[in-house]
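**Q** Pasting a structure below so you can have a look.
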Amino acid sequence: MTVWDELRPILARLRDGQRGTLLEFPDPRDQEGQPPPYQIVLAPTAVAIAEDLHRRFGDGVRLTVGRLPYPPGRPPDRPLDHLIVQPPGEMLGPGEAAVRLDGPATVRSGETLRHALLVRNLTGRVLPIATNGNLTAVVVDPQTGQVVGGFAGAQTMPLIMFSVAPGNTERIPLLIGTASFRPDLGYAVPPGSWGILVPLDLEWDPYTRERRRTPVLPLTITA
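Taking the numbering used here, the leading residue of the sequence shown gets 1, the next gets one more, and so forth.
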C-alpha cells in the first residue's frame, strides 16, 4: 500500500467529519495522487492531528499548522519574517476617518472571529475601501505593535468596494484569525489581552491605491 492509498481515507474523514480542520490538502478523490511529500495545512487548533499524521507518515507529508511548520523546529518552507512586520502604509490620520469595532472582540485561541469594523469618513470626499468581501486583521502585541498572528487559510479574492460618503459611517465585515506567526508563542496566539491592526486599501481610481492601517484596537483571546 502506498502513502497515498493510506492517506486518502484519512483526509476524506477529516474533510467530512471535522470541518475546518483541513485548510489546504490534496484532493482525496484523486485515485493516483502526486508523488509525496503531500502538502497539508491544518487549523491552528489541530496540533494533535498533525502529531498523528507525522507519526504515521513521517517525511511522506509536509505539514503546516496555522502558519507555522510542523513538527516544531522544522525549517519553514519560506522565511517567516514577512509575517511579523508591521502592515505597510501610514496610520489613518485624525482628519481622515474614525474607526472602531462593532462591539467587543472576543475569540478562542486558534479560532477565527467574524466581526465588523465601523468606519466613519471625516473627509469631504468619498472614502473608497477595497476588500475581498471583508477586511482581514492582524493580531499585535498592544505594547509594542509587533505583529504576532492573524488569519490562516485561503480566501476568495473578488473586488468588493465599500464607498463611505463624507460624514457617513459604514459597517465593513472583518475577519480576525488567531494563528500564531511566532514559534515561541506556539501554533495559536495564547489567551490574553491583545490588539489588532486592520490594513485598509483605499482605491481612489483604477490606477491609484493607498495602503493605510487603523490604530490598534482591543482583542481578547480566551482559552
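Even glycine gets a Cβ: it sits at the ideal position worked out from N, Cα and C.
Please read these numbers as outputs of a predicted model, since none were measured by experiment.
Which class does residue 80 belong to by DSSP, given the choice of helix, strand or coil?
**A** Here residue 80 sits in coil by DSSP.
**Q** Let me know the secondary structure DSSP gives residue 150 once reduced to three states.
**A** Strand.
**Q** Find the nearest neighbour of residue 19 within the set 199, 180 and 46, judged by alpha-carbon distance.
**A** Considering only alpha carbons, the answer is 46.
**Q** Between the segment 190-209 and the segment 51-62, are three or more C-beta pairs nearer than 8 angstroms?
**A** The answer is no - the segment 51-62 does not touch the segment 190-209, with fewer than three Cβ pairs under 8 angstroms.
**Q** Going by DSSP, what residue range makes up the beta strand (DSSP E) through residue 111?
**A** Where residue 111 is concerned, there is no enclosing beta strand (DSSP E), given that its DSSP letter is neither H nor E.
**Q** Which full runs of the alpha helix (DSSP H) of 4+ residues lie inside the segment 164-206, going along the chain?
**A** For the segment 164-206, not a single whole alpha helix (DSSP H) run of length 4 or above is found.
**Q** Could you tell me whether the Cβ atoms of residue 222 and residue 174 are closer together than 9 angstroms?
**A** The answer is no: Cβ separation not under 9 angstroms.
**Q** Going by other Cβ atoms of all chains shown within 10 Å of its Cβ, with 16 needed for buried, is residue 152 buried or exposed?
**A** When all chains shown are included, residue 152 counts as buried.
**Q** Would you tell me roughly how many angstroms separate the C-alpha atoms of residue 44 and residue 24, rounded to the nearest one?
**A** Distance between the alpha carbons of residue 44 and residue 24: 13 angstroms.
**Q** For a test of the three-state rule: what should DSSP assign to residue 57, helix, strand or coil?
**A** Looking at residue 57 - three-state DSSP - the assignment turns out to be helix.
**Q** Do residue 150 and residue 188 have their CB atoms nearer than 9 angstroms?
**A** No, the Cβ-Cβ distance between residue 150 and residue 188 is not below 9 angstroms.
**Q** Quick check on the burial criterion: 16 or more other C-beta atoms within 10 angstroms. Buried or exposed for residue 50?
**A** Under this definition residue 50 is a buried residue.
**Q** Assign residue 40 to one of two classes, buried (16 or more other C-beta atoms within 10 Å of its C-beta) or exposed (fewer than that).
**A** Under this definition residue 40 is a buried residue.
**Q** Helix, strand or coil, according to DSSP, for residue 92 in the structure here?
**A** Correct three-state label for residue 92: coil.
**Q** Three Cβ pairs or more, each shorter than 8 angstroms: is that satisfied between the segment 101-111 and the segment 178-185?
**A** Verdict: yes, contact present.
**Q** Quick one: grab the DSSP three-state call for residue 3.
**A** Residue state, collapsed to three classes: helix.
**Q** Would you call the segment 139-148 and the segment 67-79 in contact, with 3 or more CB pairs under 8 angstroms?
**A** With a cut-off of 8 angstroms, the segment 67-79 and the segment 139-148 do not count as touching, because too few Cβ pairs lie within range.
**Q** Which term fits residue 8, buried or exposed, when burial requires 16 or more other beta carbons within 10 angstroms of its beta carbon?
**A** With 16 or more other Cβ atoms within 10 Å, it is buried.
**Q** Compare the beta carbon distance of residue 212 and residue 90 with 9 angstroms and say whether it is the shorter of the two.
**A** Against a cut-off of 9 angstroms, the Cβ pair of residue 90 and residue 212 comes out as a contact.
**Q** Report the three-state DSSP secondary structure of residue 15 (helix, strand or coil).
**A** The answer is helix: DSSP assigns residue 15 an H, G or I state.
**Q** What are the partner residues of residue 74, as DSSP defines its beta bridges?
**A** In DSSP, residue 74 forms no bridge with anything.
**Q** Could you check how far apart the C-beta atoms of residue 147 and residue 83 are, in whole angstroms? I think they sit under 8 angstroms.
**A** With 8 angstroms as the limit, residue 147 and residue 83 qualify as a contact, their Cβ atoms being about 7 angstroms apart.
**Q** Taking one C-beta from the segment 1-16 and one from the segment 119-132 each time, how about it: are there three or more such pairs within less than 8 angstroms?
**A** Segments in contact, no.
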